[in-house]
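Asker: In the working numbering, the protein residues as written are 72 to 506.
Here a beta-carbon is modelled for each residue, glycine too, at the ideal position from N, C-alpha and C.
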Ligand code: URP
Ligand code: ZN
Ligand code: ZN
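Quick look at the structure:
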């Protein structure tokens, strides 16, 4: 099959309180061992500067052993940022992420979101949203602390699905107002998924990305009385109660959601312990870059929910199409990049921090086993994983430029023209009355 493409990773990233533990080499080596042959990493601005952020990530990514691209986050707004977005697109970035949570570090307001979406649309770049209501979360988190709930469970209790549903609905409606496609990252709840389903049914171009952890884990881990165990499951939006996982799988199987990411944002237990007295200080994030392909095969193909062709679509091809690099990536065709995996459906895998191929002393998927193991990974025509052995060297991964105006933008200008002409008749009527 075509190698997996992971649309959502945070390698070598300073994220609010701490630096993620996997760098471009260790994270990508693990990805290759798990059947992924390209990742799209979130580059973060430095003091709001996209150019400085891009240069920083380009430098860090030089040690890559796997092909990669970047999304860029937008955390403030002014003319300089708007101009820098143009430069980012010239440099091969075609997607920008807006955080509707993480106050005060990263959260943006609706005004900035609208301005950002308009700019994205003019550039043919895809706006992405982290959809949770940051104001409500902050209030709820303070309420937890006042009640004496300081452990990791306070994180889950202060970020209920309704706040994910609200922010998802708001972002979708604002995208409709701007008439732009929208990508919702890490869809974790039925609430958010149903908003996406409604919008898509109405013809809106909204892409929904669930992640490995949301598809196969449920929230009990974060209520574990042992801090280290509970903290390893802490991420945003939180891993939900049992039932959300299966509903997200069903949505993927029917095309309501389109592709699977990992949101790999891994910290070790010492880093998580920064929040031992206050869950608000626990670095947010779980792993998944190595596990994504295996857990999706086992839970969805081995279980009979989807076919192997569906699997290729949701783990690889759809990602290549959305980010406009198909058929170079996401396909096995003459002229494509020869990123290929051999997955043996009769072999088994077992996940453990003790045997994973990356940094960190924990694994949120610890103890999970299943059928379907990636036995060979070929990246760019070279065998890089075979016989449980990695054959990787730093520097062999290439930066993949992603051009703007993917298929999601087809016909957008026609819809804009129709909207403008629909305004014409009422404006003429008002003018006639005034005259
Ligand atoms: O908890 C998470 N998801 N950490 C990574 C950053 C983000 O919001 O995607
Ligand atoms: Zn996010
Ligand atoms: Zn993320």
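May I ask whether a heavy atom of ligand 2 can be found less than 6 Å away from the beta carbon of residue 142?
Answerer: False, no ligand heavy atom lies under 6 Å from that Cβ.
Asker: Measuring alpha carbon to alpha carbon, tell me which residue in 341, 76, 195 and 384 is nearest residue 474.
Answerer: Residue 195 is the option with its Cα nearest to residue 474.
Asker: Give the DSSP-derived three-state secondary structure of residue 444 in the structure shown.
Answerer: In this structure, residue 444 counts as strand in the three-state DSSP scheme.
Asker: Cβ of residue 179 within 7 Å of Cβ of residue 140?
Answerer: Cβ atoms of residue 179 and residue 140: not closer than 7 Å.
Asker: Of the residues 220, 224, 380 and 280, which one's Cα is nearest the Cα of residue 239?
Answerer: Considering only alpha carbons, the answer is 280.
Asker: Could you please give the first and the last residue of the uninterrupted beta strand (DSSP E) stretch that includes residue 108?
Answerer: Segment 107-114, the beta strand (DSSP E) holding residue 108.
Asker: Is the closest heavy atom of ligand 2 to the C-beta of residue 201 under 6 Å?
Answerer: True, at least one ligand heavy atom lies under 6 Å from that Cβ.
Asker: Can you name the residues that DSSP bridges to residue 139?
Answerer: Partner(s): 110 and 470.
Asker: Name the two residues that bound the continuous alpha helix (DSSP H) containing residue 243.
Answerer: Unbroken alpha helix (DSSP H) run through residue 243: 232-249.
Asker: Do you know offhand how far residue 483's Cα is from residue 326's?
Answerer: For residue 483 and residue 326, the distance between alpha carbons rounds to 22 Å.
Asker: Shortest alpha-carbon distance to residue 341 belongs to which of 251, 353 and 406?
Answerer: Measuring from the Cα of residue 341, the nearest candidate turns out to be 353.
Asker: Just confirm the distance between the C-beta atoms of residue 361 and residue 429, as a whole number of angstroms; I'd bet it's less than 8 Å.
Answerer: 6 Å between Cβ atoms; contact.
Asker: Alpha carbon to alpha carbon, how far is residue 131 from residue 286? Give it in angstroms, no decimals.
Answerer: Each residue's Cα considered, the two are about 30 Å apart.
Asker: Out of 343, 365, 351 and 387, state which residue places its alpha-carbon closest to the alpha-carbon of residue 300.
Answerer: Cα-wise, what sits closest to residue 300 is 343.
Asker: For the region 117-130 against the region 378-386, do three or more pairs of beta-carbon atoms, one drawn from each stretch, fall closer than 8 Å, so that the two count as touching?
Answerer: Segments in contact, no.
Asker: Starting from the Cα of residue 81, find the closest Cα among 356, 208 and 163 and give me that residue.
Answerer: Selected option, being the one with the closest Cα: 356.
Asker: Indicate, with yes or no, if ligand 1 has a heavy atom lying under 6 Å from the CB of residue 355.
Answerer: Because some heavy atom of ligand 1 lies under 6 Å away, the Cβ of residue 355 counts as near it: yes.
Asker: Could you have a look at residue 495 and say whether DSSP puts it in helix, strand or coil?
Answerer: Correct three-state label for residue 495: helix.
Asker: Return the first residue and the last residue of the beta strand (DSSP E) that residue 418 is part of.
Answerer: Per DSSP, residue 418 belongs to the beta strand (DSSP E) from 411-421.
Asker: Taking the CB atoms as reference points, tell me whether residue 227 and residue 309 lie closer together than 7 Å.
Answerer: In contact: residue 227 and residue 309 (Cβ atoms closer than 7 Å).
Asker: Is any heavy atom of ligand 3 found at a distance shorter than 6 Å from the C-beta of residue 334?
Answerer: Yes; taking the cut-off as 6 Å, the Cβ of residue 334 has a heavy atom of ligand 3 nearer than that.
Asker: For a test of your reading of the model: does the CB of residue 306 fall under 6 Å from any non-hydrogen atom of ligand 1? Yes or no.
Answerer: Correct: residue 306 has its Cβ closer than 6 Å to ligand 1.
Asker: Evaluate contact between the region 404-411 and the region 446-466, counting only Cβ atoms and requiring at least three cross-stretch pairs below 8 Å.
Answerer: Yes, they touch.
Asker: Hey, is the region 263-282 in contact with the region 205-214, meaning 3+ C-beta pairs nearer than 8 Å?
Answerer: No, because fewer than three Cβ pairs between the region 263-282 and the region 205-214 fall closer than 8 Å, the two stretches do not touch.
Asker: Rounded C-beta distance between residue 332 and residue 78? I'm assuming under 8 Å.
Answerer: Indeed they touch by this definition, with Cβ atoms about 5 Å apart.
Asker: Which runs of the beta strand (DSSP E) spanning at least 3 residues fall entirely within the region 134-202, listed in chain order?
Answerer: With a minimum length of 3 residues, the continuous beta strand (DSSP E) runs that stay inside the region 134-202 are 138-145, 166-170 and 197-201.
Asker: Can residue 81 be considered in contact with ligand 1, in the sense that its beta carbon sits closer than 6 Å to one or more heavy atoms?
Answerer: For ligand 1, at least one heavy atom lies less than 6 Å from the Cβ of residue 81.
Asker: Which same chain residues end up closer than 8 Å to residue 84 when comparing Cβ atoms and leaving out the 5 residues on each side of it in sequence?
Answerer: Only 90, 91, 112, 113, 115 and 336 meet the Cβ criterion.
Asker: If you draw a straight line from the C-alpha of residue 222 to the C-alpha of residue 229, how long is it?
Answerer: Rounded to whole angstroms, residue 222 to residue 229 spans 12 Å at the Cα level.
Asker: Answer with buried or exposed for residue 444, where buried requires no fewer than 16 other C-beta atoms within 10 angstroms of its C-beta.
Answerer: Flag for residue 444 reads buried.
Asker: Could you compute how far the alpha carbon of residue 414 sits from the alpha carbon of residue 105?
Answerer: Going from the Cα of residue 414 to the Cα of residue 105 covers about 10 Å.
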